[in-house]
Amino acid sequence: MDNPDTTGTAPWSDADVQARVEALLKTLSLAEKVGQLVQIGAADFVPGPKPDVVIRQGGAGSVLWLNDTKRFNALQKIAVEESPSKIPLLFALDVIHGYRTIFPVPLALAASWDPATIEGAQSVAAQEARAAGLHWTFAPMLDIARDARWGRIVEGAGEDPYLGAAVAAAQVRGFQGAYLGAPGRVVACAKHFAGYGASDGGRDYDPVYLSENQLRNVYFPPFRAAVDAGVGTFMSAYMDLNDVPATGNRWLLRDVLRGEWGFGGFVVSDAFAVGNLVTQGFARDARDAAQRALSAGLDVDMASSTYLDHLTGLIEDGTIPLEVLDDAVRTILAVKVRLGLFEQPYTDEGLLAEVIARPEHRAEARRAAQRSMVLLRNEGQLLPLSKSLKHITVIGSLANSKEATEGSWMVFGHVPAAVTMLEGLRAKLPDATIDYAPGPEINRDIPSWFESAMAGGSRAPQSPEDAESAYQAALATAQRADLIIMVLGEHANMSGEAASRASLDLPGRQEEVLKAVVALGKPVVLVLLNGRPLSINWAADHVPAILEAWEPGTEGGHAVADILFGDANPGGKLPVTFPRKGSHAPLYYARNTTHSPEESPLYNPRYWDGLPTPLYPFGYGLSYTTFALTNLAVSAPQVRVGDSASVTVDVTNTGAVAGDEVVQLYIHQRFGSDSRPMRELKGFERITLQPGETRPVSFALGPAELGYWSSHAGQWVQDATTIDLWVGSDSRATLHTQLVVTA
Ligand code: BGC
2 MDNPDTTGTA PWSDADVQAR VEALLKTLSL AEKVGQLVQI GAADFVPGPK
52 PDVVIRQGGA GSVLWLNDTK RFNALQKIAV EESPSKIPLL FALDVIHGYR
102 TIFPVPLALA ASWDPATIEG AQSVAAQEAR AAGLHWTFAP MLDIARDARW
152 GRIVEGAGED PYLGAAVAAA QVRGFQGAYL GAPGRVVACA KHFAGYGASD
202 GGRDYDPVYL SENQLRNVYF PPFRAAVDAG VGTFMSAYMD LNDVPATGNR
252 WLLRDVLRGE WGFGGFVVSD AFAVGNLVTQ GFARDARDAA QRALSAGLDV
302 DMASSTYLDH LTGLIEDGTI PLEVLDDAVR TILAVKVRLG LFEQPYTDEG
352 LLAEVIARPE HRAEARRAAQ RSMVLLRNEG QLLPLSKSLK HITVIGSLAN
402 SKEATEGSWM VFGHVPAAVT MLEGLRAKLP DATIDYAPGP EINRDIPSWF
452 ESAMAGGSRA PQSPEDAESA YQAALATAQR ADLIIMVLGE HANMSGEAAS
502 RASLDLPGRQ EEVLKAVVAL GKPVVLVLLN GRPLSINWAA DHVPAILEAW
552 EPGTEGGHAV ADILFGDANP GGKLPVTFPR KGSHAPLYYA RNTTHSPEES
602 PLYNPRYWDG LPTPLYPFGY GLSYTTFALT NLAVSAPQVR VGDSASVTVD
652 VTNTGAVAGD EVVQLYIHQR FGSDSRPMRE LKGFERITLQ PGETRPVSFA
702 LGPAELGYWS SHAGQWVQDA TTIDLWVGSD SRATLHTQLV VTA
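The numbers in the sequence shown follow the working numbering, run straight up by one, and end at 744.
Here you go:
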C-alpha cells in the first residue's frame, strides 16, 4: 500500500505548538476550559442536553456517535463562529477495522502476522474516516485477551504481548501516518487502559485482578508500543483493576502512562465511565467522581456530563487546583493545533465520495483478508479446489450475510456492503451451478443491546418448524452437489462488546447440519466466520478441509474464493490458542512450567474429564506448500547481560507452489530471579518463498527480549541464566538451541 505521508514531517515544531497552546489558554474562561474536557454524545440514546445547545455555550470540546459530514460542518460552525471560545471541535468515532471499505476484524488482521498489511489497512480506514470529517478514532484496542469466552477478543490482537506490541505500533502508524496531524489521517486512541481482557470468567466488564508482574510483562507491552509509536490519545478501561476503577486510577494514568512512559497526549474515559465511578461503588457522588477522575489523570469525560456539571465548582472552591485543569486543556488544544483545525475546521463535503471510490482500497481489503485467513486442516490436499467443479452446494446462514462478513464493530450508521461467501464463490466460478441453502438460523440466546440501540432492533428468532424445514432443505440441496462448502461460525453480534459466552461450540444446530452433510460421503470444506476461537472438536477430526476466515470484511467473499480455488495461498497463523472447551479458558501457550510438568504422570492430568490441551496452538496455520527450517544458529554461544546475539535459520519452500511462512522464535529462561513462561514469542517474520527457494531469517535477542519485570526483585531485571531457543512454524516449534547469558 502506498502511504504517501509516512515519511513527512510535521509542519509544527513542539515549541510552535506549545506557544500556540499557551496563547489560546490565556483567552479561555474557566467554563470554556471545562468545556474542552467534555465529550458530548450525539446519538439519540444519550440523555441530557443536545449537542447544538452545549456546543453553542462552549460546553464541549469533542463529539462522538455522529457520522455525517454535513452535520459535522454544521456543529463545527456553531463551535468556531458562535461559541464564546471559538475553539474547533474534534469529531470522534469508533473506526475499528475500516470506515466504508471494511477490513478483516482486528483479531483477523493480527492473524496475518504482517505489520505492513495492518498498517496499510488502518491507513485506508484513516483516509476514508478523515474524508468523512472525522479526526479521531477510538482504536486500536490493545487489550491482551487470553480468555476466548470474552467477546471483545475480536477487537484485539489475541493473547501474546510480543505480537500485540508489533500490531499496536503498526496500527498507530496506519491511523496517524508519519506524525500526529498528518494530512488524510486520524488521531489514534490506545484502549482500554488497562487489563480489560482479563475480566473474571471472561465476563465483559467484570473486575480484573492482575499482579504488577502480569500487567508489566503481558498486558502493558502493546500500550507501551503505542506510546513509542506516537499515539495521540488513550482511553481508560471500564472495569476495576485490583479494586480501583481504571478511570480513576492514578497509578495507571499518572505514574505509569505519563511518569514512566512519557505520554504527552490526553486520556478519554470509556463511555459514561466517569459517571459510573459512582455506580462502581468508588465515588460518593457525581462531584466526587469528577474530582477523582480528573485528579487521577483522566482528561476527557466521554458522554457522562459529569465534568460539565461539576468541574467548574470543584475549581472555584479550590478542591482541584486550576493547574490540573489547565494541564488537561493544554493536551487537548495541542491535538487541535497539530491537526490544523484552527486553519481549516471544516470538511469538504464532496471528498468522501472520491476517497471511498478508490479501487486500491478494495484491492487492499481483499489482500488483507487473504493474508489473515488461517488454514486449519487440509487432509488429502482437498484444497485448493479445481475450477472445473460443476456443481457445488453452499450451506450456512452466514454464507450470505453481509453483516457476518463485515463483522463485529460496524461503524456507526454504516450499511454493510460486503461481498458474501456465496457471492464470492459465484463470481469465481461463473459457469458452475452453485446452490445455496441457509440451514437453520443462528441466534444469541439473549439479544444484544447494541443491536436494538444501533442497528434498528433484533429480529424475532426462527420458529422450530421453520428451522426444521431449513435443515431438511439443506440436506436435500447437499445431496445434489459434487462438493459442499459449509460456512459456519458466529454472527457479528456474537462477539464484541457485551458479547461474551460460556461455550465456544458452534451455536445453534450448525454442528448437527455439519455431521449430517459429512455423512453423505461427499467432499466437504468448512469455512469458519467468527470473531473468537471456536471449539470445533468434531469438525477437526471429521471435516477434511477447514479454513478460518474470521470476519473478513467487505471483500471477504472474494478473498475466501481466492483461497479455496488456489488463487491465493493461505499463510495466516492463529494469534490465539483454540481451546477444546469454553471451560478450559483462559488457555494460552505462555504458561509457566510447574512442579508437575504436563507431560509427567504425577498429579496429572490437569482435568480428569478431558485434557486442556489446545485444539489448535498459538501460531498455528497450514499452507498449500511445505517449508523446512534448517541451520538454526546463534551468533555466539554466550553473551553478557545487556549484550545482544542474533539467531538465524534457513527457511526453504519444499513444496510445489509459492507460499508464505511465518517464522517464529520462542524462548524459555531455565532459571533466574522469577519463574518464567515455558515459551515466549520473541521474534517473527512472514516471508514469501518460491518453490525450492531458501532464505535466511534472523532475529535479534538482547535485553529488550530477555529482560522482564520481576516480582521477586520488584523491578526490571535481566538474569544471568541459560535461555532455550526454538524456531518453527508455531508455538510447538522443535528446532532447538540455547544461549548462555553471563553476568
Ligand atoms: C466501548 C469503547 C468505545 C466507546 C465509544 C464503549 O462502549 O467500550 O470501546 O470506544 O464505547 O463508542
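Note that CB positions come from ideal geometry on N, CA and C, so glycine has one too.
Small disclaimer: the values here were computed from a predicted structure and weren't measured.
Any heavy atom of the ligand BGC within a distance shorter than 7 Å of the CB on residue i?
i: residue 272; result: yes
i: residue 95; result: yes
i: residue 239; result: yes
i: residue 192; result: yes
i: residue 498; result: yes
i: residue 386; result: no
i: residue 236; result: yes
i: residue 139; result: yes
i: residue 65; result: yes
Tell me the rounded alpha-carbon separation between residue i and residue j.
i: residue 560; j: residue 486; result: 15 Å
i: residue 208; j: residue 692; result: 51 Å
i: residue 138; j: residue 381; result: 45 Å
i: residue 11; j: residue 238; result: 31 Å
i: residue 505; j: residue 581; result: 8 Å
i: residue 228; j: residue 303; result: 21 Å
i: residue 277; j: residue 307; result: 10 Å
i: residue 352; j: residue 128; result: 10 Å
i: residue 493; j: residue 20; result: 47 Å
i: residue 3; j: residue 121; result: Only weak support is given to the placement of residue 3: the predicted model assigns it a pLDDT of 40, under 50, and the value that follows is read from those uncertain coordinates. Those two C-alpha atoms are separated by around 8 Å.
i: residue 711; j: residue 718; result: 6 Å
i: residue 522; j: residue 471; result: 21 Å
i: residue 316; j: residue 33; result: 13 Å
i: residue 291; j: residue 326; result: 12 Å
i: residue 6; j: residue 347; result: Confidence at residue 6 is low in this model, with a pLDDT of 49, below 50, so its placement is unreliable and the value that follows should be read with caution. Cα to Cα, the separation comes out at about 21 Å.
i: residue 141; j: residue 210; result: 23 Å
i: residue 434; j: residue 556; result: 22 Å
i: residue 447; j: residue 600; result: 40 Å
i: residue 58; j: residue 90; result: 13 Å
If you compare alpha carbons, which of the options is closest to residue i?
i: residue 729; options: 685, 367, 626 and 711; result: 685
i: residue 445; options: 477, 436 and 460; result: 460
i: residue 465; options: 309, 442 and 148; result: 442
i: residue 645; options: 630, 676, 608 and 704; result: 704
i: residue 563; options: 417, 690, 367 and 688; result: 367
i: residue 623; options: 740, 77, 681 and 383; result: 383
i: residue 675; options: 664, 701, 246 and 593; result: 593
i: residue 740; options: 697, 678 and 670; result: 670
i: residue 651; options: 632, 658 and 660; result: 632
i: residue 667; options: 495, 50 and 726; result: 726
Using 8 Å as the threshold, is the C-beta distance between residue i and residue j below it?
i: residue 533; j: residue 79; result: no
i: residue 572; j: residue 529; result: no
i: residue 655; j: residue 627; result: yes
i: residue 768; j: residue 482; result: The question about residue 768 has no answer, for the chain in this structure spans 2 to 744.
i: residue 144; j: residue 197; result: yes
i: residue 116; j: residue 167; result: yes
i: residue 575; j: residue 548; result: no
i: residue 75; j: residue 100; result: no
i: residue 475; j: residue 440; result: yes
i: residue 188; j: residue 177; result: yes
i: residue 135; j: residue 334; result: no
i: residue 731; j: residue 639; result: no
i: residue 331; j: residue 13; result: no
i: residue 756; j: residue 96; result: Given a span of 2 to 744 for the chain in the structure shown, any question on residue 756 remains unanswerable.
i: residue 200; j: residue 236; result: no
i: residue 267; j: residue 318; result: no
Does the distance between the C-beta of residue i and the nearest non-hydrogen atom of the ligand MN fall short of 7 Å?
i: residue 373; result: For the structure depicted, the ligand MN is absent and the ligand set comprises only the ligand BGC.
What alpha helix (DSSP H) runs, 4 residues minimum, are completely inside the segment 8-40? Qualifying alpha helix (DSSP H) stretches, in chain order: 15-28 and 31-37.
Note down, one range per segment and in chain order, each alpha helix (DSSP H) of at least 4 residues found wholly within the segment 156-204. 162-177
Just list the alpha helix (DSSP H) runs in the segment 336-362, keeping only unbroken ones of 4 residues or longer that don't cross its boundaries, in chain order. For the segment 336-362, whole alpha helix (DSSP H) runs of length 4 or above, ordered along the chain, are 352-357.
Contiguous beta strand (DSSP E) assignments of at least 3 residues, all confined to the segment 371-405: 375-379 and 392-396
Segments assigned alpha helix (DSSP H), at least 4 residues, entirely inside the segment 199-233: For the segment 199-233, whole alpha helix (DSSP H) runs of length 4 or above, ordered along the chain, are 222-229.
Could you name each continuous beta strand (DSSP E) segment of 3 residues or more that falls completely within the segment 665-702, going from the start of the chain to the end? 681-690 and 695-702
So within the segment 38-75, which uninterrupted alpha helix (DSSP H) runs reach at least 4 residues, ignoring any that extend past its ends? DSSP runs (the alpha helix (DSSP H)) wholly in the segment 38-75: 52-57.
Whole runs of the alpha helix (DSSP H) within the segment 476-527, excluding any shorter than 4 residues: 511-519
With a floor of 3 residues, list each beta strand (DSSP E) that falls wholly inside the segment 568-644, ordered by position along the chain. 628-635 and 639-641
List in chain order: all unbroken alpha helix (DSSP H) runs of 4+ residues lying wholly within the segment 222-295. 222-229 and 277-280
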